[in-house]
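Remarks on the structure that follows.
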Amino acid sequence: MAANMAELNTGNKMPVVGLGTGAPAVQYEEIKAAVHAALKIGYRFFDTASCYGSEGALGAALTEAFQSGVVKREEVFVLTKLWDDEHDDPLAAITKSLKNLQLEYLDLYLLHWPVRLRKGHTLPPKEEDFLPLDIKSTWQGMEKCFELRLTKAIGVSNFSCKKIEDLLKYAKIPPAANQVEMHPMWQQKKLREYCSKMKIQVCAWSPLGAPKTPWGSNAVMDSPVIKEIAQKHGKSIAQVVLRWAIEQGVCVIPKSFNKGRITENFQVFDWCLTTEDHAKMSKLEQSKNMKGEDLVNSTTSPYRTIEELWDGEI
Ligand SMILES: NC(=O)c1ccc[n+]([C@@H]2O[C@H](COP(=O)([O-])OP(=O)(O)OC[C@H]3O[C@@H](n4cnc5c(N)ncnc54)[C@H](OP(=O)(O)O)[C@@H]3O)[C@@H](O)[C@H]2O)c1
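Position one of the sequence shown corresponds to residue 432 (the working numbering), numbered consecutively onward.
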């Protein structure tokens, strides 16, 4: 039976199921209600990022929950991320995020993408929005945030094995986690093996394949193979998919602002998949949803091609 907490290389514990709060449109009250519902259901891990616009609503809901005694600060795990236009000054960026979240410290602070953009950039970024990348100096800023105890751990997101390997050559503090796209249609086998060897916790974003979003697809939720496994266990497709990830030691952050689906996504602890289920799922056709086409160009991006962005791991 997979445990409901993962241990980071800092010694701190991280819940294996968290609530994602990154969504196509930011709805303050809807996010607040989702966080309150999630806390009631038992979620103790919340994923946000400075670029999502959800830090404020998450912070407001958590503050209310602390004040009303629903939960204590030390019982929740809060993760936010340094955006691409904040590489210059991670200390200023974390200070801003902490203010939005109304918190004194984070549990995990991630370098969101191995890409640096100028302030005022558009999304997707234009050619003139890209700045030269200097991950070493950005990571030193992240380390400073850790040393000042503004966060209990630091990590990366959307990093390939090669990028982690490069980072480990100079990092004083190794990353505690790597948050990447992972679901049955993009299983990340090589990256998971490498991260496990390096004691870096993998956390899956788009764990359901991000159905109904501009960046995702319905391939996971529509899979006949997964549907059959779900029917056999009397579970939903989402539950099978989340259980599949956590049985492989990966943390998941499914996003839902719907109380029924938030509840469903947390009911993944008292049952398990079989070896046969895993064997079937390991054969599913692989295709990454968010390839990062917008982050490559032939002039200003550090990456000329998608293969360069992912170091061939695509
Ligand atoms: N580090 C990164 O670069 C990065 C990138 C993308 C996302 N993220 C993080 O990862 C989180 C999750 O990823 P994601 O939002 O891309 O994808 P996801 O969690 O795989 O999918 C979200 C979609 O699934 C639906 N859904 C949720 N539970 C469901 C269920 N039980 N049955 C059917 N549909 C369900 C949601 O709709 P409803 O809300 O209507 O339920 C929403 O449309 C984000 O919120 C964000 O916090 C990180």
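By construction, the Cβ of each residue, glycine as well, lies at the ideal position given by its N, Cα and C atoms.
Quantities reported herein were computed from a predicted structural model and do not represent experimental measurements.
Please list the segments of the alpha helix (DSSP H) lying wholly inside the segment 538–614, counting only runs of 4 or more residues, in order along the chain.
As far as the segment 538–614 is concerned, its whole alpha helix (DSSP H) runs of at least 4 residues are 566–578 and 592–601.
Taking 8 Å as the threshold (beta carbon to beta carbon), is GLY442 in contact with chain B?
Looking for chain B here will not work: only one protein chain is present.
Could you round the C-beta distance between LEU639 and VAL651 to whole angstroms and report it? I think they count as a contact, below 8 Å.
Residue mapping note: residue 639 aligns to position 208 of the sequence shown, counting from 1. Residue mapping note: residue 651 aligns to position 220 of the sequence shown, counting from 1. Right, their Cβ atoms sit about 6 Å apart.
For ligand 1, I want to know if LEU439 counts as a neighbour, meaning its beta carbon is within less than 7 Å of at least one of the ligand's heavy atoms.
Mapped onto the sequence shown, residue 439 falls at position 8. Because no heavy atom of ligand 1 lies under 7 Å away, the Cβ of LEU439 does not count as near it: no.
Are there 16 or more other CB atoms within 10 angstroms of the CB of ASN689, so buried, or fewer, so exposed?
On the sequence shown, residue 689 is found 258 positions in, with the first residue counted as 1. Exposed: under 16 other Cβ atoms inside 10 Å.
In whole angstroms, give me the CA-to-CA distance for ALA454 and TYR483.
Reading the sequence shown from its first residue, position 23 is the one you call residue 454. Reading the sequence shown from its first residue, position 52 is the one you call residue 483. The alpha-carbon atoms of ALA454 and TYR483 are separated by roughly 7 Å.
Under the three-state reduction of DSSP, which class applies to PHE700: helix, strand or coil?
Looking up residue 700 in the sequence shown gives position 269. DSSP places PHE700 in coil when its eight states are reduced to three.
Report the rounded CA-to-CA distance for SER627 versus THR694, giving the unit in angstroms.
Here the question's residue 627 lines up with position 196 in the sequence shown. Here the question's residue 694 lines up with position 263 in the sequence shown. Cα to Cα, SER627 sits roughly 29 Å from THR694.
Any chance you could list the alpha helix (DSSP H) runs of at least 4 consecutive residues sitting entirely within the segment 703–729, in chain order?
Fully enclosed alpha helix (DSSP H) runs of 4 or longer: 706–713.
Using a Cβ-based criterion (distance less than 7 Å to any ligand heavy atom), does LYS658 qualify as near ligand 1?
Translated into positions along the sequence shown, residue 658 becomes position 227. Because no heavy atom of ligand 1 lies under 7 Å away, the Cβ of LYS658 does not count as near it: no.
Starting from ALA380, trace the beta strand (DSSP E) both ways and give me its first and last residue.
Look at the range of the chain in this structure, 432 to 745, and you will see that residue 380 is not part of it.
Ordered along the chain, which non-local residues of its own chain (more than five positions away) have a Cβ less than 6 Å from that of MET492?
For the purposes of this step, residue 492 is taken as the residue at position 61 of the sequence shown. At residue 492 the sequence reads Ala, which differs from the Met that was named. For ALA492, where only same-chain residues beyond five positions count, the Cβ hits under 6 Å are LYS463, VAL466 and HIS467.
From LYS530 to ASP560, what does the alpha carbon distance come to, in whole angstroms?
Locating residue 530 in the sequence shown gives position 99, counting from the first residue. Locating residue 560 in the sequence shown gives position 129, counting from the first residue. Taking the straight line joining both Cα atoms gives about 27 Å.
Whose C-alpha, out of GLN618, VAL611, ILE604 and LEU548, is nearest the C-alpha of ASP725?
The residue you call residue 725 lines up with position 294 of the sequence shown. Among GLN618, VAL611, ILE604 and LEU548, the Cα nearest to that of ASP725 belongs to LEU548.
Smallest Cα separation from HIS664: which of CYS703, LEU673 and SER654?
The sequence position of residue 664 within the sequence shown is 233, counting from 1. For the residues CYS703, LEU673 and SER654, the minimum Cα distance to HIS664 belongs to CYS703.
Can you check DSSP and say which residues form a bridge with CYS634?
For this step, residue 634 is matched to residue 203 along the sequence shown. In the DSSP output, where bridge partners are listed per residue, CYS634 has GLN610 and CYS682.
Could you have a look at LYS620 and say whether DSSP puts it in helix, strand or coil?
If you number the sequence shown from 1, residue 620 lands on position 189. LYS620: helix per DSSP, three-state reduction.
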